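Novice: Pasting a structure below so you can have a look.
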Amino acid sequence: MTSVHELAAWLEVRLGRDDLPTLYRKGDTDTVGVLALALEPMDVPEEANMDAVFLHRPFRAGSAFARRAILTSHHGFDEKLTTGENEPLIERLEWRDVRPFDMDRRRFGVIASPPQRTWSAFLTALLGEFGAFEDVAAPARDPLRRVALVNAFRPELVRALHDQGVDALVTGQGRVLGARHAKEVGMGIVALGHRRSEEWGLRQLGRELEQAFADLRTVVYTSSLSG
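Structure representation (structure tokens):
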């Protein structure tokens with residue numbers, strides 16, 4: 015059976031080291047057959063059958079899961095499995111000619127070419143992954159040539175993307191000023207919803223963990239309030 019230390023080591027390779035220790039809290043057992051995954055402690059029901067839990071935000075765990083180990087990744091999870099440099103999502107969407115997008119010495123995501131040339135087809139592909147959106151605004155024109163997946167939505171970021179020929183951007187949380195600037199330059203936007211993009215990351219992490227550890231079963235717990 016998989017040990018909690020093996021899981022922590024795998025997470026550090028996959029998502030990098032965070033400010034928080036990956037093995038956030040030790041439990042009574044070192045072996046894990048069932049791993050729960052959730053964004054926050056309150057998403058996991060008290061009756062959940064699990065040996066350990068992965069929490070994206072473990073800060074309010076308190077005495078919950080007192081006898082079970084808690085694993086975590088905060089910044090690395092956001093960067094690798096939500097709306098940053100999310101390679102699994104890029105592969106599932108079949109984006110091509112992918113290159114990183116940096117600004118002010120920081121990586122914000124990627125710019126790529128989608129296989130879909132029309133806005134409606136582009137939205138259909140995203141809906142297949144996320145099921146719904148928080149906000150959508152069409153670009154000034156088709157066809158789509160270059161799109162961006164970014165984890166911020168500020169006017170200066172929109173301006174930088176526009177200068178690099180981006181026709182539409184996909185992000186997590188919608189922002190009024192960012193949306194206003196995107197409209198001014200004719201850029202399309204898809205705001206997935208911060209929590210919705212995180213829950214996609216949880217499901218993807220569960221798939222990857224089960225592929226990496228044959229004897230591990232994962233259970234993803236999500237809130238009914240996504241967005």
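Add 14 to a position in the sequence shown, counting from 1, and you land on the number used in the working numbering.
Virtual Cβ for every residue (Gly too), placed ideally from N, Cα, C.
Just so it is clear, the structure is predicted and the values come from calculations on it, not from any experiment.
#1: Assuming L219 and T16 are in contact, meaning their beta carbons sit under 8 Å apart, how far apart are those beta carbons, in whole angstroms?
#2: Give me the Cβ distance between D181 and P153, rounded to the nearest whole Å; I'm assuming they're in contact under 8 Å.
#3: May I have a chain-ordered list of the alpha helix (DSSP H) segments no shorter than 4 residues that lie completely inside the segment 157–237?
#4: Can you check which of these residues, D116, V112, A135 and N165, is closest to S127 by C-alpha distance?
#5: Is DSSP giving P55 helix, strand or coil here?
#6: Go to D92, then tell me how far its alpha helix (DSSP H) extends in each direction, as first and last residue.
#7: Can you give me the C-alpha to C-alpha distance between F68 and R119, rounded to a whole angstrom?
#8: Do the CB positions of F115 and L206 come within less than 8 Å of each other?
#9: Compute the distance between the beta-carbons of A174 and I125, then report whether it is under 8 Å.
#10: Tell me whether T232 is buried or exposed, calling it buried when 16 or more other Cβ atoms sit within 10 Å of its Cβ.
#11: Any idea which residues DSSP pairs G123 with across the strands?
#12: Which same chain residues, not among the five before or five after Y235, have their C-beta less than 8 Å away from its C-beta?
#13: So is the beta-carbon of L137 under 7 Å away from any non-hydrogen atom of the ligand MG?
#14: Compute the Euclidean distance between the alpha carbons of E20 and E54, then round it to the nearest angstrom.
#15: Just how far apart, CA to CA, sit L158 and F79?
#16: When DSSP labels each residue in this structure, what does F68 get in the three-state scheme?
#17: Hey, could you find the ends of the alpha helix (DSSP H) L29 is sitting in?
#18: Can you list, in chain order, the residues of its chain whose CB lies under 7 Å from that of M117, leaving out five sequence neighbours each side?
#19: Are the beta-carbon atoms of F91 and L183 separated by less than 8 Å?
#20: Which residue's Cα is closest to the Cα of H88: G215, A228 and Q225?
#21: Can you give me the Cβ contacts of R81 inside the same chain, cut-off strictly under 7 Å, excluding the 5 residues immediately before and after it?
#22: Kindly list the residues whose CB is nearer than 8 Å to the CB of V46, restricted to its own chain and excluding five residues on each side of it in sequence; keep chain order.
#23: Measure the alpha-carbon distance for A228 versus K94 and round it to whole angstroms.
#24: Less than 8 Å between the C-beta atoms of R168 and G192, yes or no?
Specialist: To lay it out plainly:
#1: Residue 219 sits at position 205 when you count from the first residue of the sequence shown. Residue 16 sits at position 2 when you count from the first residue of the sequence shown. Not confirmed; about 15 Å, so no contact.
#2: Here residue 181 refers to the residue found at position 167 of the sequence shown. Here residue 153 refers to the residue found at position 139 of the sequence shown. That belief holds up - the Cβ atoms of D181 and P153 are roughly 5 Å apart, short of 8 Å.
#3: DSSP runs (the alpha helix (DSSP H)) wholly in the segment 157–237: 169–177, 190–199 and 208–226.
#4: Taking the sequence shown and counting its residues from 1, the one referred to as residue 127 is at position 113. S127 has its Cα closest to that of V112, out of D116, V112, A135 and N165.
#5: Taking the first residue of the sequence shown as 1, we reach residue 55 at position 41. Three-state DSSP puts P55 in a helix.
#6: Position 78 of the sequence shown, counted from the first residue, corresponds to residue 92. Counting along the chain, the alpha helix (DSSP H) containing D92 begins and ends at H89 to L95.
#7: Taking the first residue of the sequence shown as 1, we reach residue 68 at position 54. Taking the first residue of the sequence shown as 1, we reach residue 119 at position 105. In this model, F68 and R119 are separated by some 30 Å (Cα to Cα).
#8: Position 101 of the sequence shown holds residue 115. Position 192 of the sequence shown holds residue 206. No; because the gap between Cβ atoms is not below 8 Å, this pair is not in contact.
#9: Here the question's residue 174 lines up with position 160 in the sequence shown. Here the question's residue 125 lines up with position 111 in the sequence shown. In this structure, A174 keeps its C-beta atom at 8 Å or more from the C-beta atom of I125.
#10: Taking the sequence shown and counting its residues from 1, one reaches residue 232 at position 218. Classification of T232: buried, given that the 10 Å Cβ count is 16 or more.
#11: Working through the sequence shown from its first residue, we reach residue 123 at position 109. BP columns for G123 point to F115 and V164.
#12: Position 221 of the sequence shown, counting from 1, holds the residue named residue 235. Only A50, L51, A52, D57, V58, P59 and A62 meet the Cβ criterion.
#13: Ligands displayed in this structure: none; no statement on the ligand MG is therefore possible.
#14: Here residue 20 refers to the residue found at position 6 of the sequence shown. Here residue 54 refers to the residue found at position 40 of the sequence shown. One C-alpha to the other measures close to 22 Å.
#15: The sequence position of residue 158 within the sequence shown is 144, counting from 1. The sequence position of residue 79 within the sequence shown is 65, counting from 1. In a straight line, the C-alpha of L158 is about 47 Å away from that of F79.
#16: What you label residue 68 is simply residue 54 of the sequence shown in a count that begins at 1. F68 falls in the strand class under three-state DSSP.
#17: Within the sequence shown, the letter at position 15 stands for residue 29. Its alpha helix (DSSP H) spans residues V18 to L29.
#18: Indexing the sequence shown from 1 puts residue 117 at position 103. So the qualifying residues of the chain are L171 and A174.
#19: Here residue 91 corresponds to residue number 77 of the sequence shown, with the count starting at 1. Here residue 183 corresponds to residue number 169 of the sequence shown, with the count starting at 1. For F91 and L183, no; Cβs fall outside 8 Å.
#20: Locating residue 88 in the sequence shown gives position 74, where the first residue counts as 1. The residue with the shortest Cα to Cα distance from H88 is G215.
#21: For the purposes of this step, residue 81 is taken as the residue at position 67 of the sequence shown. The residues are G41 and D42.
#22: Counting from one through the sequence shown, the residue named residue 46 turns up at place 32. Sequence-distant Cβ neighbours of V46 in its own chain, meaning closer than 8 Å and more than five residues away, are M15, T16, S17, V18, L21, D65, A66, A83 and L230.
#23: On the sequence shown, position 214 is the one that residue 228 refers to. On the sequence shown, position 80 is the one that residue 94 refers to. Here the alpha carbons of K94 and A228 stand approximately 23 Å from one another.
#24: Working through the sequence shown from its first residue, we reach residue 168 at position 154. Working through the sequence shown from its first residue, we reach residue 192 at position 178. In contact: R168 and G192 (Cβ atoms closer than 8 Å).
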